[in-house]
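Just below is one structure, and these are the notes that go with it.
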Amino acid sequence: MERVPILKIGDILLVSIQLDMSDQTAVALQEDLAERIVATGCHGVIIDITALDIVDSFVGRMLSTIASISKVLDAETVVVGMRPAVAITLVELGLSLNGIRTALNVERGMELIAAAHADELDYQLDDDPDAETARP
Amino acid sequence: MALSTEESGRLAALLSGQDERVTTRWTEIVTSSLRGRLSQAELRRQVQDLHRAIITTGEQGTIDLSAESAGELRAALSELSRGRARQGFSATETTVSIFALKDVLAELVQETGGPNALQDFVAFSKLVDEMGLFTFESFVRTRESLIADQAEQLLELSTPVVKLWEGVVAVPLVGTLDSARAQVVMERLLQTLVDTSSPYAIIDITGVPAVDTQVAQHILKTVVAARLMGADCIISGIRPQIAQTIVALGIEFGDIATKASLADALRHVLRLNGVETARRQPRRDA
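As they're listed, the protein sequences go chains Y and R.
The first sequence begins at 1 in the working numbering and counts up one residue at a time.
The second sequence begins at 137 in the working numbering and counts up one residue at a time.
What follows is the structure, given as structure tokens:
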């Protein structure tokens, strides 16, 4: 069975979906991702769907489930690279992907996660002035 | 409906016999109906063309507007109606140029008299009617093709997506927004968002004359699609009357930011960006 690779970039896990998702690959991806989040302690997950021509209710539900799982594990999920045609189709179908954050591309997605995470760091800074030196 | 050979011959003879008088009288009648919107010389030339075409066709035998022999006459008639349609004359003003011939013929037949006068006149006027109908049809055809061309041009011209600032694009919508245009606008905007990776889009509706539920629906769909892709849309250029209509129709824009002017929308976007950079600033210093 094919597996979707999960790449770790800094504090972020990057999942680039390049193949048509089936039930099995979706379940495998959810399991792998949950394990990797716990193992790496990452606080952000970026799901890149640039390569997907079709996003139907199945893929939509899979994305929602992944977002919920990540949320439970304290990781922010951002879906990036949705094509215009896909977005138009989703709107026409009335699917709004509730609870999923989106960004135009991976770069923007990383900025989004960094911005969300920066707030937490700021709070830490307020509590502990010594932490400043620890950050590059 | 065609004129018999004898009738055609008599018509041609009648028209060519008093060449000068026919064209002058014909031009007079047409000129008075157009109230000086075309020059006398121009009208005279058109009338002479038609006159010549009728005579040439008549001399060949039967005048039948749908037959091949009447090609020249048909060409002259379509030429006239095409010209009028492009110059913006009404259908009546165009066909009157043909029906004027009936008045001229009535005068001529009355003067010449003869045993067949009434019969001839009825046949002639049937021909004139047919010519009038033909003119009217080609007038309408020209108008329709004009409208189709313009609609196509409008669709191409009407949807520019302009870059306002780094990461901010704007779509100034001008004119009525129907489904076809809304689709084009939506596709072009979303594609530009991807190409320029701009996270903000401003939809300016200053140039939209009326916003009804359908137009609002189209705009909302565009905004939702942009959000799905990870970009935020601001609607600007809402005129006072439009705001009243929107409320009266019960259209709900939800949490979509709406601004009165494009300047306000740009300021709003810049402030959103500004807040972010301001927040980052102390961290960078630290």
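The beta-carbon is built from N, C-alpha and C at its ideal position, and this holds for glycine as well.
Judged by DSSP in its simplified three-state form, threonine 50(Y) adopts coil rather than helix or strand.
Counting other Cβ atoms within 10 Å of its Cβ, alanine 318(R) reaches 16 or more and is therefore classed as buried. By the Cβ rule, the segment 230-247 of chain R does not count as touching the segment 198-205 of chain R, because fewer than three pairs are nearer than 8 angstroms. The shortest CA-to-CA distance from glutamate 107(Y) to any of Arg3(Y), Pro84(Y), Ile9(Y), Pro5(Y) is the one to Ile9(Y).
For proline 84(Y), the uninterrupted alpha helix (DSSP H) run begins and ends at 84-93, by DSSP.
In the three-state scheme derived from DSSP, where H, G and I count as helix and E and B as strand, serine 226(R) is classed as coil. For threonine 102(Y), the enclosing beta strand (DSSP E) starts and ends at 101-103.
The C-beta of lysine 71(Y) has fewer than 16 other C-beta atoms within 10 Å across all chains shown, which makes the residue exposed.
Put simply, the CB of glutamine 350(R) is far from chain Y, with every gap to its CB atoms at 9 angstroms or more.
Taking a beta-carbon distance threshold of 9 angstroms, arginine 3(Y) does not count as an interface residue toward chain R. As a beta-bridge residue in DSSP terms, aspartate 368(R) pairs with Tyr336(R).
The residues Phe275, Thr278, Arg279, in chain order, have a CB closer than 6 angstroms to that of alanine 221(R) in the same chain once the five nearest residues on each side in sequence are set aside. In its chain, beyond the 5 residues on either side, Thr278 have a beta carbon closer than 6 angstroms to the beta carbon of arginine 218(R). Glycine 109(Y) belongs to the set of residues whose beta carbon lies under 9 angstroms from a beta carbon in chain R. Among the residues of chain R, those whose CB is under 8 angstroms from the CB of alanine 103(Y) are Pro335, Gly366, following chain order.
Where threonine 77(Y) is concerned, the enclosing beta strand (DSSP E) starts and stops at 76-80. Within chain R, the residues Leu326, Ala361, Leu364, Met365 have their CB atoms less than 7 angstroms from the CB of alanine 87(Y), given in chain order. Taking all protein chains in view, the Cβ of threonine 230(R) is crowded by 16 or more other Cβ atoms within 10 Å, so the residue is classified as buried. Taking the beta carbon of leucine 300(R) as reference, no residue of chain Y falls within 8 angstroms; the closest one sits roughly 17 angstroms away.
Contact annotation: in the segment 259-275 of chain R, no residue has its CB less than 8 angstroms from a CB in chain Y. Following the DSSP letters along the chain, one finds valine 158(R) in no beta strand (DSSP E) but inside the alpha helix (DSSP H) bounded by residues 155-170.
In this structure, glutamine 24(Y) sits near methionine 1(Y), with a CB-CB distance shorter than 9 angstroms.
Here the alpha carbon of glutamate 178(R) sits roughly 33 angstroms from the alpha carbon of glycine 249(R). Here alanine 362(R) is near aspartate 368(R), since their CB atoms are less than 9 angstroms apart. If you check the CB distance, glutamine 30(Y) and isoleucine 6(Y) do not come in under 9 angstroms. The count of Cβ pairs closer than 8 angstroms, one atom from the segment 84-103 of chain Y and one from the segment 52-68 of chain Y, reaches three, so the stretches are in contact. In the three-state DSSP reduction, proline 376(R) falls in the helix class (H, G or I). Sequence-ordered contacts of the segment 59-78 of chain Y with chain R read Val78 [C-beta pairs closer than 9 angstroms]. The beta-carbon separation of valine 405(R) and isoleucine 338(R), rounded to 7 angstroms, stays under the 8 angstroms limit for a contact. Straight-line measurement puts the Cα of alanine 51(Y) at about 26 angstroms from the Cα of threonine 40(Y).
Interface flag for valine 330(R) against chain Y is set, since a Cβ pair is found closer than 9 angstroms.
Exposed is the label assigned to arginine 61(Y), since fewer than 16 other Cβ atoms lie within 10 Å of its Cβ. When beta bridges are read from the DSSP output, leucine 13(Y) appears opposite Lys8(Y), Val45(Y). For the C-beta of glutamate 323(R), the chain Y residues within less than 9 angstroms are, from N- to C-terminus, Pro84, Ala85, Ile88. Interface annotation, leucine 97(Y): in contact with chain R, CB-CB separation under 9 angstroms.
At a cut-off of 9 angstroms, the C-beta of lysine 395(R) has no neighbouring C-beta in chain Y.
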